[in-house]
Amino acid sequence: MAKKWYMLTMVGKDRSGIVSHVTAALYDGGCNLGEATMARLGGNFTIMLMVQFDGSRRALMSQIEPVVQSMDLHVHVDSINAELHHHLVPDVRISVYGADRAGIVAQVTTALTEAGLNILDLESDVAGTEQQPVYVMSIEGLASEGIASLQAALDIMSAEGIETSLSAIETMLA
Amino acid sequence: MAVRDILVHPSPCLKQVAEAVTEFDQALQQLLSDLEDTLAVAPGCVGIAAPQIGVSRRVVITDVRKAKGSCHGRLVLVNPEIIRHEGMARGREGCLSVPDFTGNVMRAEEVVVQARDSAGRQQSFEFSGFEARVVQHEIDHLEGLLFLDRLVSRRHDLFRRKVYRDGGRVRNT
């Protein structure tokens, strides 16, 4: 029988011990963990975690209920297909930064998507000060229509005051 | 012609410090031939180290012609030692011994390497860029290190810096 996988999404005010408490509760409940991203975003701690669990979604929820209560977390669980062991390898990396304003991500990613980019990984931070925030974004992806097409899209952004840099990722296999 | 099986993590051989070659004999030629045959059939692969086929000896072959034009071509490096390095750059690496995973690793941009050839003659090479990365990755195998030991943060360019000393061994700074 195929293994059952769930995507567990959690968010809460950041405090020490969230990861250890959550993962201990999952381990005690017979879960096996897959891939995850966990990060502090602003003052919040966020978890996206693949969990393999033989029981139902409801049973998984009740397994983590005590830690959800004690750590004051919000939780969401979806049934998923795991599709492990099929990593896509990015061939392009794009960095973007600029004086923070609404719309940078939408503008940049819309242009890049139209130019053939499939985003595999996106991380962003708000740097600078409260008075002068700076938006910093790093994207890795697959350039399905080549890198020149993405560069052309970014050149238009640069004319509008958003700093961008693009570099090919050449993965060495040895 | 002998294509050997590639060992994958967590094989203990991959975490051992390999022994220097002292005899440039028939057994070494056989090892080189096996390494070459094994490398030749690995798609897109630009280097191989003896520990990857279960032989804990300081022998590597690099061949970046599959990936890059300007380089030293196919090279046999026996008892290689990094005697000088310069610059640091981030690049993405994968490894036959770690299937379905690639990650970012900091490597010196330029290295000078001394090594013996298949007959035991001392040679010196300057490598830069992609080829320098390949050579450092392979020499790591001789130290029992995988690129997993050198992964840098996905989120930032900041990294746990490990730098080369002479001989390719690492120290934390």
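Here the protein sequences line up with chains F and U, keeping their order. Counted the way this note's numbering counts, the first sequence spans residues 214 to 387. Counted the way this note's numbering counts, the second sequence spans residues 3 to 175. Ideal Cβ positions, reconstructed from N, Cα and C, are used throughout, including at glycine. Note that the structure is a prediction, hence the values are computed from the model and not measured.
- The distance from the Cβ of residue 357 of chain F to that of residue 308 of chain F is about 20 Å, inconsistent with a contact at the 8 Å cut-off.
- Residues of the same chain with a CB within less than 8 Å of the CB of residue 337 of chain F, apart from the 5 flanking positions on each side, are 318, 348, 349, 350, 351 in chain order.
- The beta-carbon of residue 102 of chain U is placed less than 8 Å from the nearest beta-carbon of chain F.
- For residue 346 of chain F, the beta-bridge partners assigned by DSSP are F:341.
- As summarised for the segment 282-316 of chain F, the continuous beta strand (DSSP E) elements at least 3 residues long and confined to that stretch are 286-293, 305-312, given in chain order.
- With respect to chain F, the C-beta atom of residue 136 of chain U has a partner C-beta closer than 8 Å.
- Between residue 324 of chain F and residue 370 of chain F the beta-carbon gap is near 6 Å, inside 8 Å, which marks them as a contact.
- Interface criterion met: the Cβ of residue 382 of chain F is under 8 Å from a Cβ in chain U.
- Contact of residue 251 of chain F with chain U is not assigned, every C-beta pair being separated by 8 Å or more.
- Of all residues in the segment 281-299 of chain F, the ones placed with a Cβ closer than 9 Å to any Cβ belonging to chain U are 297, 298, 299, in chain order.
- By the CB criterion at 8 Å, residue 62 of chain U and residue 141 of chain U fall inside the cutoff.
- Going by DSSP, residue 30 of chain U is part of the alpha helix (DSSP H) stretching over 28-42.
- Cβ neighbours of residue 106 of chain U within its own chain (closer than 6 Å, five residues either side excluded): 92, 94, 154.
- Of all C-beta pairs linking the segment 269-283 of chain F to the segment 294-306 of chain F, fewer than three are shorter than 8 Å, placing the two stretches out of contact.
- Nearest C-alpha to residue 44 of chain U among U:68, U:22, U:151, U:12: U:68.
- A Cβ of chain F is located within less than 8 Å of the beta carbon of residue 94 of chain U.
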